[in-house]
Amino acid sequence: MTKAPTIGPRIGVVSLGCPKALVDSERIITRLRSEGYQLSSSYEGADLVVVNTCGFLDSAKAESLDAIGEAISENGKVIVTGCLGKEESLIRDTHPKVLEVTGPHQYEAVVGAVHTHLPQLHDPKIDLVPEGGFRLTPRHYAYLKISEGCNNRCSFCIIPSIRGDLVSRPANAVLKEAESLVKAGVKELLVISQDTSAYGVDVKYAESKWKDRMVRAKFFDLCKELGDLGVWTRLHYVYPYPHVDDVVGLMAEGKILPYLDIPFQHASPTVLKAMRRPANQDKVLDRIKTWRGICPDLTIRSSFIVGFPGETEDDFETLLDFIEEAGIDRAGVFKYENVEGAPSRDLPDHVDQDDINERYDRFMEVQTTLAHARGQQMIGKTVDVINDGWDEDAEAYACRTKADAPEIDGVVYVDSEDEIADGAIFKVEIVGGEGHELVGTPA
Ligand code: SF4
10 MTKAPTIGPR
20 IGVVSLGCPK
30 ALVDSERIIT
40 RLRSEGYQLS
50 SSYEGADLVV
60 VNTCGFLDSA
70 KAESLDAIGE
80 AISENGKVIV
90 TGCLGKEESL
100 IRDTHPKVLE
110 VTGPHQYEAV
120 VGAVHTHLPQ
130 LHDPKIDLVP
140 EGGFRLTPRH
150 YAYLKISEGC
160 NNRCSFCIIP
170 SIRGDLVSRP
180 ANAVLKEAES
190 LVKAGVKELL
200 VISQDTSAYG
210 VDVKYAESKW
220 KDRMVRAKFF
230 DLCKELGDLG
240 VWTRLHYVYP
250 YPHVDDVVGL
260 MAEGKILPYL
270 DIPFQHASPT
280 VLKAMRRPAN
290 QDKVLDRIKT
300 WRGICPDLTI
310 RSSFIVGFPG
320 ETEDDFETLL
330 DFIEEAGIDR
340 AGVFKYENVE
350 GAPSRDLPDH
360 VDQDDINERY
370 DRFMEVQTTL
380 AHARGQQMIG
390 KTVDVINDGW
400 DEDAEAYACR
410 TKADAPEIDG
420 VVYVDSEDEI
430 ADGAIFKVEI
440 VGGEGHELVG
450 TPA
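Read left to right, the sequence shown gives residues 10 to 452 (our numbering).
This is the structure we're talking about:
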């Protein structure tokens, strides 16, 4: 197939993995575009392909290796980056034709590799980058990464060994990026990191100058400033440390969305101990009660692992009781995977795969019942939603409430005679639907 005529060398980017990896891809793209490289959405239209990989779970590694193989057979010139880049020999053994391998966050190295294998023809007239950079998310929401790495050492997780210890960005750098995203039309900021509530611990909450004032690199201070930008701000990967109470106060004031994504992972004290989870988990139910007292509209999303080594039937039932008692509004569940390099591989009493599958199904059953009940409670209410765009299959606008993060939570389908712009925030009355898929009409 002949290549489309180009005004600059064309790069294809395949982005796998979590939102953090997506942000890395966006940075790479922004940098390359600023240098005059063009983007291609097809293998045949690209002069070279960058594959940003994920290496978190064995299944993600396999998916990454497949993606590299596909890029090589469809295009031929491939640079690999991202979490799986830590395992260069695995990549080179599987795909000897790969041009270069770099690890996570090595933007400079990726860009350097692109320069080596695909030097650009400089043309200052085509090097313009729009304000806010290039994003892979829709125009109206964006992920805002506030730190890299993690100081915790959860036994099932290899992220600290891949990404290193916590490195927080200066508060003014985060705020500058947030402000330029808002100026570029972003209506919702999704704050991400590995451990959002630990922000700034590594730099001892260092102050930096933002506008006419000094701002500390501290979870509360950053949230307060973000809350003043006048857009929806949603917090992901928060741990239940006591100082989170203050941020819930900002939610009650309407500064930050009343939404907390807290990866509890389990509720049984023995399993949590074996998992080496951060924050004092004994008082979690009390803490949640306090938060709901401060901000009754609070939505709590969480993720859980079933079948962790040593998990007994009693432990599992403790988990099921917890999601009901704590009123976890949105729950994701994963079957335990024996990730290579994770300390949990060496724990005794691994759970039989049939039991893991059975517990997963039971969890899903409870979760579906809870989701259904939550959905029913919404009917008749009038709530704010943000429009994510027209959904061809549903023949309606796919919108989200403040209680729903993109990609992972629920949707409200809105039928409207009038055209609704992407990212528009407006009121709807919920008139029907089930579980995480509701139906609304503009109020
Ligand atoms: S908090 Fe635990 S699970 Fe999350 S990145 Fe850090 S070590 Fe991994």
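Ideal placement from N, C-alpha and C gives every residue a C-beta, glycine not left out. Since we're looking at a predicted model, the values are computed, not measured.
inquiry  = Given 7 Å as the limit, tell me if Asn61 has its C-beta closer than that to any heavy atom belonging to the ligand SF4.
reply    = no
query = In the stretch 347–417, which residue ranges form an unbroken alpha helix (DSSP H) of at least 4 residues, counting only runs that do not cross its ends?
reply = 362–387
task = Consider the C-beta atom of Gln453 and the heavy atoms of the ligand SF4; say whether any pair is separated by less than 7 Å.
result = As shown, the chain starts at 10 and ends at 452. That puts residue 453 outside it, with no answer to give.
query = What is the rounded straight-line gap between the Cα of Thr90 and the Cα of Ile100?
reply = 11 Å
request  = May I ask which residues mark the beginning and end of the beta strand (DSSP E) holding Asn61?
outcome  = Leu57 to Thr62
message = Closer than 7 Å to a non-hydrogen atom of the ligand SF4 - does that hold for the CB of Asn347?
response = no
query = Taking the DSSP output, what are the residues bridged to Leu199?
reply = Tyr152 and Arg243
query = By how many angstroms is the C-alpha of Ala226 removed from the C-alpha of Lys213?
reply = 8 Å
key: The beta strand (DSSP E) enclosing Ser189, as first and last residue numbers   = Counting along the chain, Ser189 falls outside any beta strand (DSSP E), though it belongs to the alpha helix (DSSP H) covering Ala180 to Lys192.
ask   = Mapping DSSP to helix, strand and coil, what is Gly91?
value = strand
query = Using DSSP with H/G/I as helix, E/B as strand and the rest coil, what is Ser51?
reply = coil
task = Pull up the CB-CB distance for Tyr208 and Ser156, whole angstroms please, since I reckon it's below 8 Å.
result = 6 Å
message = Considering only the alpha carbon of each residue, which of Pro179, Cys166 and Phe435 lies closest to Phe65?
response = Cys166
request  = Could you tell me the distance, in whole angstroms, from the CA atom of Ser98 to the CA atom of Val107?
outcome  = 11 Å
task = Give the straight-line distance between the Cα atoms of Pro318 and Gly398, rounded to the nearest whole angstrom.
result = 43 Å
query = Helix, strand or coil: which one does DSSP assign to Asp237?
reply = coil
query = Is Pro352 near the ligand SF4, going by C-beta to nearest heavy atom under 7 Å?
reply = no
ask   = Would you say the beta carbon of Pro169 comes nearer than 7 Å to a heavy atom of the ligand SF4?
value = yes
ask   = Between which two residues does the beta strand (DSSP E) harbouring Thr450 extend?
value = Glu446 to Pro451
Length of the line joining the Cα atoms of Ala430 and Asn396 = 7 Å
Min CB distance Pro272 to chain B below 8 Å = Among the chains in the structure shown there is no chain B, since it carries only a single protein chain.
inquiry  = For Glu234, count the other beta carbons within 10 Å of its own beta carbon; 16 or more makes it buried, fewer makes it exposed. Which is it?
reply    = buried
ask   = Using a threshold of 7 Å, is the CB atom of Cys166 nearer than that to any non-hydrogen atom of the ligand SF4?
value = yes
task = Measure the Cβ-Cβ separation of Ile271 and Pro305 and say whether it is below 8 Å.
result = no
query = Do Ala80 and Val58 come within 8 Å of each other at the CB atom, strictly closer than that value?
reply = yes
Opening and closing residue of the beta strand (DSSP E) in which Thr308 lies = Thr308 to Val315
query = Is the closest heavy atom of the ligand SF4 to the C-beta of Pro287 under 7 Å?
reply = yes
request  = Determine, using beta carbons only, whether Ile309 and Gly258 come nearer to each other than 8 Å.
outcome  = no
message = Residues in the same chain with beta-carbon distance under 7 Å from Lys196, minus the five sequence neighbours each way, listed in chain order, please.
response = His149, Tyr150, Val240, Trp241, Ile395, Gly432 and Ile434
ask   = Cys92 and Ile38 look like a contact to me (Cβ under 8 Å); what is the Cβ gap, rounded to whole Å?
value = Between Ile38 and Cys92 the Cβ distance is about 18 Å, and since that is not below 8 Å, they are no contact.
inquiry  = Looking only at its chain, what residues have a beta carbon closer than 6 Å to the beta carbon of Phe228, apart from the 5 residues adjacent to it on each side?
reply    = Ser206 and Tyr208
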